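Engineer: Have a look at the structure that comes next, please.
Residue numbers (UniProt numbering): 1 to 166.
Here's what the structure looks like:
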């Protein structure tokens with residue numbers, strides 16, 4: 001498929017994930033994504049005007065951060081089954097305890113995508129599996145609504161689950 005599309009693809013195992021060494025952290029994932037983007041931008045054989053980001057779940061939060069900090073270098077962003085923030089997820093997962101009352105400084109990792117999406121004015125695709133049992137699909141709808149992009153789309157897959165939406 002990639003050959004037919006005539007695209008170059010970079011896949012990333014963030015530190016602490018897959019076979020990558022190190023310890024996963026919000027800041028570390030952001031640094032890793034910046035390093036990959038910097039690498040892509042140094043490649044003379046790649047078209048720097050056509051850089052697209054895709055991220056699923058946590059990767060979507062990283063993609064939103066990278067796009068928000070590099071809007072001049074990113075052509076479009078696609079996120080799938082991504083959450084608003086870690087505090088929002090904590091409130092959802094631990095509804096028996098009023099997590100929403102915990103101040104932000106209580107969280108080691110925050111991934112505040114609901115704030116950062118406001119800096120992403122590039123064309124944006126939000127992919128939501130309505131059968132996702134991990135990330136509430138309403139969060140994808142909220143990210144879509146918070147996006148200031150004039151060219152955006154919310155693609156909904158009724159039978160899509162967290163890891164196999166489409």
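Note that the Cβ used here is the ideal one computed from N, Cα and C, for glycine as well.
In this text, all values refer to a predicted model and were calculated from it rather than measured experimentally.
Near residue 114, which residues of its chain fall below 8 Å by C-beta distance, leaving aside the five closest residues on each side in sequence?
Structural biologist: Hits under 8 Å: 84, 85, 88, 142, 143 and 146.
Engineer: Please list the terminal residues of the continuous beta strand (DSSP E) segment that includes residue 110.
Structural biologist: Premise fails: residue 110 is in no beta strand (DSSP E) and is neither H nor E.
Engineer: Grab the span of the alpha helix (DSSP H) containing residue 33 for me, first residue to last.
Structural biologist: Note, residue 33: alpha helix (DSSP H), 26-42.
Engineer: Kindly list the residues whose CB is nearer than 6 Å to the CB of residue 154, restricted to its own chain and excluding five residues on each side of it in sequence; keep chain order.
Structural biologist: Cβ neighbours of residue 154 beyond the five flanking positions: 126 and 144.
Engineer: Tell me which same chain residues have a C-beta within less than 7 Å of the C-beta of residue 56, skipping the five on either side of it?
Structural biologist: For residue 56, where only same-chain residues beyond five positions count, the Cβ hits under 7 Å are 80 and 81.
Engineer: Assuming residue 53 contacts residue 63 under a Cβ cut-off of 8 Å, what Cβ separation, rounded to an integer in Å, is found between them?
Structural biologist: The Cβ separation is near 4 Å, so the contact holds.
Engineer: Can you list, in chain order, the residues of its chain whose CB lies under 8 Å from that of residue 21, leaving out five sequence neighbours each side?
Structural biologist: Taken in chain order, the residues that qualify are 15.
Engineer: Rounded to a whole number of angstroms, what is the C-alpha to C-alpha distance between residue 44 and residue 36?
Structural biologist: Distance between the alpha carbons of residue 44 and residue 36: 15 Å.
Engineer: Just list the residues that DSSP pairs residue 152 with in beta bridges.
Structural biologist: Answer by DSSP bridge pairing, in chain order: 124.
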